[in-house]
Structures are given as C-alpha cells and as structure tokens.
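K.L.:
Residue numbers (this note's numbering), protein chains in the order written: chain A, 1245 to 1806; chain B, 6 to 203.
Right, I'll just put the structure down here and ask away after.
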Amino acid sequence: MATQSPVNAILDETTSSSTHPSALQILHDWLTTADHKKIGLMYIGYALLFLVVGGFQAILMRIQLAIPNNHFVSPQAFNQLFTMHGTTMVFFVGMPVLFGFGNYLIPLMIGARDMAFPRLNAFSFWIAAFGGFLLYFSYLGAPGLSGAGSAPDVGWWAYAPLTARAFSPGHSTDYWTLAILISGIGSIGTAINIVATILCMRCPGMKLSRMPLLVWIYLVMAMMVFVTISPLTAAQIMLLLDRYLGSHFFDTQAGGSAVLWMHFFWVFGHPEVYVLILPTFAFANEIIPVFSRKAVFGYPAMVAATVAIGFISLSVWAHHMFTVGMGPGANTFFVLATMTISVPTGIKIFNWLATIWGGKIHFTSSMKFAIGFLFQFLVAGLTGIMLGSAPFDWQLSNSYFVVAHFHYVLVGAILFMLFSAFYYWYPKMTGRMLSEKLGTWHFWLFVIGFHLTFDLMHIPGILGMPRRIYTYEADRGWMMWNLLISCGAVIQTVATLIFVYNLIWSYFKGPVAGADPWDAWTLEWSTTSPPPSYNFAVIPGVSSRRPLWDLKHPEDPDSNYE
Amino acid sequence: MSEAVLIPHNSTEEWKLPSRGIVGMACLILAEAAIFIIFIVAYIFYIGKSLTGPTPHDVLSLPIFATVCLLSSSLTVHFAVNAVHVGKRTLSSLWLAATVLLGGIFLTTTALEWYHLIYRDGLTIRTNLFGTTFYSLVGLHATHVIVGLILLAFALLFSLRGDLTPKHSERLEVLSLYWHFVDAVWVVVFLVVYVLGR
C-alpha cells in the first residue's frame, strides 16, 4: 500500500544508535530547541501547568461562595483570586495551549519540516512563558518597597480608573500590565510564524483549497491575533505611561476617559474570544469527520464562515458595554452586529451535524467530547443571543448569568474540544494511546460536573447575584444554588485529575499507537508517532484534501470529486 | 503501519510559494498598524479636550522639512534595494548612507521640536491631554524610526564591508518594507497631529 522510503530508515538508525542522554542533556535539548514539535509540547505543558493553577483558584473561590457569610478567604484575597483566575485562564492557558497545538500540527498537516521561523518560534514561547511567571511573581514581588498590595486585584479587564496609581498603589497592577504586554509580544510572534508557515511552507500540491480545515482556521485565527492583541498592547503601553510618567490617558480628573479604556480593552477582549474558540472549531473539523467516517460536509462553506466570523467579530466589542450608556445608535449597531455573527457560527454547527448525519460514528473518548462540545456550544450561543440584546443585558449585566454564559463557552465548548483534541492527537505526540476506560470516566464525570456547575449558575444570576462578590447574606435565596455549583466544581476537579493521571499513565503504559491509529486522512498520520525531528524523510505531495484517503484507496481517490 | 509512508508528488507541476520574509514582515506591519491605530484614535478622541494649555495651535508648527526628508528616504532605500539587486556595491552604500542621513535629519528635527516644546513652551507628557497624546504618538513613531535607523545602519555597515551581495537583496527588501511602513505612518501622524489637530 505504502511506498517505503529508504532514506527514512537510514536516518532513523543514526538517532537510535546514539548513547542514552543524561538528564542535563535532555534539559539542554529542550531549553535550546527550535523544533516546532518540542516547542508545541512545551506550550501545551506550560498551559496545563497554569490550567491546574487557575483551576485551583476557581476551587478556592467556589469554597468561599458555597455557603453564605463564609470566611474561607479574605475579601482582598478573593479579589486577587478572580483577577488571577481570569488573567491566567485567558492569557496563560487558552492562548498557549492553542498555540501549542497549532505549532505541533500545522507543519505536520501541510507537509513541512518546521515552522517558517524556528528561532522566532522559540523566542515567542519563552517570552510568553516569562510573562506567565512574571504574573505569578507578583505574589512575591508586588509589595515592593512601598509594601502595598500583593497579586493584581483589579479584575481581568482592569477598568480605569481603578488601575491609576492613586487607587492601585504598589506594583501589583504593573505586574499584571507587564505580564500581558510581554505575553502579547509572544502571541504576535507566534501568529506571524503561523501565517508565514501556512502561506510559504506548504508541500507541493497543497493549494489553499486543499489545506486541512484546521490549517485554514489557524490562518484566520493568526490574522485576528494581529488586530486583536495589538490594541491591547497599545492600551497597556498607555496604562504604563499613565502609571509611570504621569500621563492622563485614563485620568478622568485631567479630562481623560475611563470609557476609552473599556473600548480599547473590549476591542481586544471580544475578538479574543473568537481567537480562543476558532482553534477549537479547527479541532472539531478534523475530529468529527474522522470519527463519523465521512469527509467534512461543506468545506468551502466552513472556510467562508470562518473568514466571516473573523471579520464580524471585530465589530461586536461594545456589547460588553451596553450598561455604560452609549446611546441608542451605538447600542443598536452592536446588537445587530452580535446577532449577525451567529449566522456564520450557525453554518458551522449545521455543517458538523451534516458531517455526522448518516456517518458510521465511532464513540471514542475524543468523539464523546466533540459531541459534548457541539451541544454545549449551541447552548452557550443561545445565552449569547440573550445577552447580546441590549434590554436583556441591562437586566443581567455583571450578574452570575454572564459568568455562566462565558464559562459555558470557555469550558463547555473550548475546554471540551481541547480534551477531545488531547484524546485524538496524544497518540501522535507520544506514540501511545490514552486509556479509553479512564477517558470514559473523565468524560462522564466532567459532563455531570460541568452541567451541575454551569447550568445552575444561570439561576442565581437571574435572581440578582452580582459577579465578583466575595460573600452574600443567607436570606438572598442563593445558597442552595451556590452549594450545588460548588459541588459541580469538585466533580470537575476529580474528572480533571483522572485526565491528568491518564496523560501520565498512558505515556508509560498505554497501548502503542502506531502511525495512524484512527485510520485518518491528513498528513500528520503519514509519519511515525511521535514524528522524527525532520517530520518527513521525503517531502510529500498531495492532490486532494484527504491525501491519506487517496493513498489507502487508490481506486477511488478524492481528487476525482474536488 | 508504523513506518513513514511516502506520498509521491508530481514533480512536473510548478510549485511556487511566496517569500516567508516578505509575508512575515507584512504580518508585523499589520500588527504594528493596529497599535498605531489605537494611539491615533486616542489622539483624535482627545483633540480639544485638554483642561489646561498649551494647545496644539499655540505651540506646534508644520515640520515640512523633516517630512520631506523622511518621505524621500523611502525613495533612497528603494534605490538601495535595486542597487543591491544588480550587485552595484558602491551605489548601494551611497543610497543606504543617504537613507540613514535623511532619517537622522528627521530624528534631529523631532528632538529639536521636543526640546523647544519642553523648555520654551513648558509642555510635557504630564501637562495636559494634548501633551499626553502628542508625546506618546509622535514618540511611538520616533521609536520605530530609531529601530529602522539601527537596522539600516547595520545594512550600511555590511554594504561598506562588501558583504551585501545580490543574494541578500530580498532581506534588504524586507527591511525596506518596514521603512516604507514607518514613512507611511508618518503621513497619517502628520495629517492627524499637525493638520487636523491644529
């Protein structure tokens, strides 16, 4: 079936015959690597580390809120917890894990041996990693000489004028600003790399119209990073100027505008949600077809919908600001823009359903999480429509309903699809399968915990519970809901621990995967698991969207139909 | 199937991809443009909103000479790329030197302008919203000019040493793209700060 490459075997022998490296050599190897696969794995490992940290913060907050008038953490510590939780999850979990998968998969999927700029890649990773550690160093360094403050406590969107020197003395806010500024530089570097890799490194025959949808979506996502992260970088520079040089960008007493910061932040903040969720759409586009044993339905429509989401998402930011008082004209515009973006998103959901429809579905752990993603993303979209209409938002803005809505997106959609991607690509990255038995436990426990927490979280929101309060009175009627929500958080923690255990156990004891355990169709499955450092001994060529299908079915290749 | 498979490709098919240097620089320019847009939006938003003086009308004068210098440096760097492309070393050194000189003149006039604003008119970044937005926007642009000048000075050094050969012309072209961008941003900054804002 497959033509064996003699060159590959020779090269493999040279690597296997080398002596066993010492721990120091391995460390040196990882610290100095410019290999896209190692950098991708470091991104993922770094994100998992911060996922555990951010999850731990969430658990602390849920313990505090489980019962009324609780004194588990102080009000000051609670402010720091939700600030660090939000900042960590968005900038030091979401971005790096998605860049990690992109780094690992894009060159393999387009038949390239590395990213376009391997050293820029290493630089971007290390500076982003430095940003994360800088943020957490604030617990030690922020009191500084003045002795004021500890970790940042201004909320993850850090509204002015709370961030001004007068209201945030000490260095905690500076750590927050610098950590985000620095990790943003890393994000832009990686995004440049992704675009240049996709446009300039494709193997022969890999036209844009034949690229795997994952690669297409990462292209759009990286383009969005340029116009999303950069405004945040600019705003952070302004904030630093305000805090250090005494300028007046967000200083209301000198005529500056606090609302301007809100605009600048959300010009970043809302497209950022799409930057985070587009790669999970990308995973769905690879995983759902393989486990439905069908080619993806509506490839051109998927590409068009992705590009449409990219553009429309740039014009919806102020739906975070309906309660500011922007006037009926602006409110109407942002309501309509928000409604419009559900059209391309809906196209995607229908395409996935049509891909599954009539397929021979394989319910692996990966596919289970993907189906959970489909369902929960739909629900998250529905509450999004509710909050996207200004009158409804006036009632529920800054309540737990909003918290429930965006956690439905971030956990129910993004995290579920990430888990799915882990089960799907772990065999390629390590050469071993993840345990399906543990995977099933992980899935069902996580589904139960997720729905217990985030379905119920809508209700105290409707009952008037504001977000970011550290405790509440017993007579509010929120207690039972909060207790159940906290129980769900514990169940999710148990499920996540099972997942982490699975990752470690399977690395040593999991069944050997082989090059192509899922009988999949994209190029990454044509090389060994894990791939050699050069990826492909001979650069492949493609003549359709599913090159491995063509290879396995020479009698009926896809190129006849495209 | 544990070994790598080989998918043969039809070598008769022409396969040409864009240069990664130029694509990478185009992406960087897009990201930088977004940063500038935010600063320009802040500048326009705060025009006329300063609570105290001095105002732009009192203290700013049109930097025509500096603008002419900076914009013509776009031409000279373009000629330098052409000279490197055809392998004319002396000519490329001359055009690069002219570019660095013109950029240097621009920076010097900015420095003089700032000196006068600070010591004659008493306008600093702390004075009012005009000072805040003016120094940050013009300063952001000047920072980009400085970075570009450092890179161009290195290119000039390589050219003088004779290390800049036609095979490096694409790299110089990438640098020239950045320089054109810096010049284009100045056109916008000039219009916003010195024409619209005054």
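For every residue, glycine included, the Cβ atom is placed at its ideal position computed from N, Cα and C.
1) So what does DSSP say about A/V1560, is it helix, strand or coil?
2) Could you tell me which of A/W1274, A/T1715, A/A1764, A/T1674 sits nearest to A/K1538, measuring between CA atoms?
3) For B/N133, decide whether its Cβ has a neighbour in chain A, counting only Cβ atoms nearer than 8 Å.
4) Helix, strand or coil for A/S1788, going by three-state DSSP, please let me know.
5) Check B/P68 in the structure and name its three-state DSSP category.
6) Nearest CA to the CA of A/T1441: which residue from B/P171, B/W20, B/G29?
7) Based on Cα-Cα distance, which residue from A/L1485, A/A1321, A/R1363, A/F1300 lies nearest to A/L1814?
8) Inspect the CB distances between the region 133 to 143 of chain B and the region 1481 to 1497 of chain A and report whether three or more fall short of 8 Å.
9) If you draw a straight line from the alpha carbon of A/V1337 to that of A/L1295, how long is it in whole angstroms?
10) Where does A/P1710 sit, in a helix, a strand or coil, going by DSSP?
11) For B/S24 and chain A, any beta-carbon pair shorter than 8 Å?
12) Residues of chain A with CB under 7 Å from B/L201, in chain order?
13) Tell me the rounded alpha-carbon separation between A/G1299 and A/Y1652.
14) Going by DSSP, which residues form a beta bridge with A/R1676?
15) Mind listing the chain B neighbours of A/H1564? Cutoff is C-beta to C-beta under 8 Å, in chain order.
16) CB A/I1658 to CB A/T1599, shorter than 8 Å?
17) Taking Cβ positions only, does B/K54 come closer than 8 Å to chain A?
18) Check the Cβ of A/S1559 against every Cβ in chain B and list those closer than 8 Å, keeping chain order.
19) How many Å lie between A/D1802 and A/F1326 at the Cα?
20) Which class does A/S1777 belong to by DSSP, given the choice of helix, strand or coil?
21) At a CB distance below 8 Å, what residues from the region 1267 to 1294 of chain A approach chain B? Give them in sequence order.
22) Quick check on this structure: which residue in B/I123, B/S55, B/G109, B/H173 has the alpha carbon closest to the alpha carbon of B/L75?
23) Do we get a CB-CB distance below 8 Å when we pair A/V1632 with the residues of chain B?
24) Taking three-plus beta-carbon pairs below 8 Å as touching, is the region 1772 to 1787 of chain A in contact with the region 1399 to 1413 of chain A?
25) Secondary structure at A/S1641, three-state DSSP: helix, strand or coil?
26) For a minimum of 4 consecutive residues, which ranges assigned as the alpha helix (DSSP H) are wholly contained in the region 1562 to 1650 of chain A?
27) For A/E1530, I'd like the list of residues in its chain whose CB is within less than 6 Å of its CB, leaving aside the five on either flank, ordered along the chain.
28) If you drop the 5 nearest sequence neighbours on each side, which residues of the same chain put their C-beta closer than 8 Å to that of A/T1567?
29) Measuring only the C-alpha atoms, how far is A/L1425 from A/I1473?
30) Output, in sequence order along the chain, the residues in the region 38 to 69 of chain B whose CB is closer than 9 Å to any CB in chain A.
31) Label B/S66 either buried or exposed according to how many other C-beta atoms from any shown protein chain fall within 10 Å of its C-beta, with 16 as the threshold for buried.
32) Compare the C-alpha of B/T206 against each of B/D188, B/V192, B/P59 and name the closest.
33) What first and last residue would you give for the alpha helix (DSSP H) that runs through B/V187?
34) How far does the alpha helix (DSSP H) with A/F1493 in it reach, from first residue to last?
35) Between which two residues does the alpha helix (DSSP H) containing B/A102 stretch?
36) Classify B/L22 as helix, strand or coil using the three-state DSSP reduction.
P.N.:
By the coordinates alone:
1) On the first sequence, residue 1560 of chain A is found 316 positions in, with the first residue counted as 1. A/V1560: coil per DSSP, three-state reduction.
2) For the purposes of this step, residue 1538 of chain A is taken as the residue at position 294 of the first sequence. Nearest of A/W1274, A/T1715, A/A1764, A/T1674 to A/K1538, Cα basis: A/A1764.
3) Translated into positions along the second sequence, residue 133 of chain B becomes position 128. At a cut-off of 8 Å between beta carbons, B/N133 contacts chain A.
4) Position 544 of the first sequence, counted from the first residue, corresponds to residue 1788 of chain A. The answer is coil: DSSP assigns A/S1788 none of H, G, I, E or B.
5) Within the second sequence, the letter at position 63 stands for residue 68 of chain B. It is coil, neither helix nor strand.
6) Locating residue 1441 of chain A in the first sequence gives position 197, where the first residue counts as 1. Residue B/G29 is the option with its Cα nearest to A/T1441.
7) The requested residue 1814 of chain A does not occur in the structure, where chain A is confined to residues 1245 to 1806.
8) Yes: the two stretches touch, three or more of their Cβ pairs being nearer than 8 Å.
9) For this step, residue 1337 of chain A is matched to residue 93 along the first sequence. For this step, residue 1295 of chain A is matched to residue 51 along the first sequence. Between A/V1337 and A/L1295, the C-alpha separation is close to 6 Å.
10) Mapped onto the first sequence, residue 1710 of chain A falls at position 466. In the structure shown, A/P1710 falls within a strand segment according to DSSP collapsed to helix, strand and coil.
11) Residue mapping note: residue 24 of chain B aligns to position 19 of the second sequence, counting from 1. Chain A, which has a Cβ nearer than 8 Å to the Cβ of B/S24, makes this yes.
12) To locate residue 201 of chain B, count along the second sequence from 1; it is residue 196. Within chain A, no residue has its beta carbon less than 7 Å from that of B/L201; the closest one is some 18 Å off.
13) Taking the first sequence and counting its residues from 1, one reaches residue 1299 of chain A at position 55. Taking the first sequence and counting its residues from 1, one reaches residue 1652 of chain A at position 408. Near 15 Å, if we compare the C-alpha coordinates of A/Y1652 and A/G1299.
14) One-based indexing of the first sequence puts residue 1676 of chain A at position 432. A/V1756, per the DSSP bridge assignment.
15) For the purposes of this step, residue 1564 of chain A is identified with residue 320 of the first sequence, where counting begins at 1. By Cβ distance, chain B contributes nothing, its closest Cβ being about 17 Å from A/H1564, past 8 Å.
16) Here the question's residue 1658 of chain A lines up with position 414 in the first sequence. Here the question's residue 1599 of chain A lines up with position 355 in the first sequence. No, the Cβ-Cβ distance between A/I1658 and A/T1599 is not below 8 Å.
17) On the second sequence, position 49 is the one that residue 54 of chain B refers to. Cβ-Cβ to chain A under 8 Å: yes for B/K54.
18) As a position in the first sequence, residue 1559 of chain A is number 315, starting the count at 1. Neighbours of A/S1559 on chain B: none; closest Cβ ~14 Å, over 8 Å.
19) Taking the first residue of the first sequence as position 1, residue 1802 of chain A is located at position 558. Taking the first residue of the first sequence as position 1, residue 1326 of chain A is located at position 82. Straight-line measurement puts the Cα of A/F1326 at about 50 Å from the Cα of A/D1802.
20) As a first step, residue 1777 of chain A must be located in the first sequence, where it is residue number 533. DSSP places A/S1777 in coil when its eight states are reduced to three.
21) If the cut-off is 8 Å between Cβ atoms, the region 1267 to 1294 of chain A has nothing near chain B.
22) Walking along the second sequence from the start, residue 75 of chain B turns up at place 70. For B/L75, the nearest C-alpha among the options comes from B/G109.
23) Walking along the first sequence from the start, residue 1632 of chain A turns up at place 388. Sequence inspection shows Gly at residue 1632 of chain A; the Val mentioned does not correspond to that position. Interface residue (Cβ-Cβ distance to chain B less than 8 Å): A/G1632 is not classified as such.
24) no
25) For the purposes of this step, residue 1641 of chain A is identified with residue 397 of the first sequence, where counting begins at 1. A/S1641: coil per DSSP, three-state reduction.
26) 1572 to 1600, 1609 to 1632, 1634 to 1640
27) Translated into the one-based positions of the first sequence, residue 1530 of chain A becomes position 286. These residues qualify, in order along the chain: L1458.
28) Indexing the first sequence from 1 puts residue 1567 of chain A at position 323. Hits under 8 Å: D1637, W1638, S1641, N1642.
29) One-based indexing of the first sequence puts residue 1425 of chain A at position 181. One-based indexing of the first sequence puts residue 1473 of chain A at position 229. Spanning the two alpha carbons is a distance of roughly 9 Å.
30) A38, A39, I40, F41, I42, I43, F44, V46, A47, F50, Y51, K54, S55, L56, T57
31) Position 61 of the second sequence, counted from the first residue, corresponds to residue 66 of chain B. Classification of B/S66: exposed, given that the 10 Å Cβ count is below 16.
32) The structure shown does not extend to residue 206 of chain B, since chain B is modelled only from 6 to 203, so the question has no answer here.
33) Counting from one through the second sequence, the residue named residue 187 of chain B turns up at place 182. First-last of the alpha helix (DSSP H) with B/V187: 174 to 194.
34) The residue given as residue 1493 of chain A occupies position 249 in the first sequence. A/F1493 -> no alpha helix (DSSP H), and no H or E assigned at all.
35) On the second sequence, position 97 is the one that residue 102 of chain B refers to. Here the alpha helix (DSSP H) through B/A102 covers 94 to 124.
36) Residue numbering aside, residue 22 of chain B sits at position 17 when the second sequence is read from its first letter. Coil.
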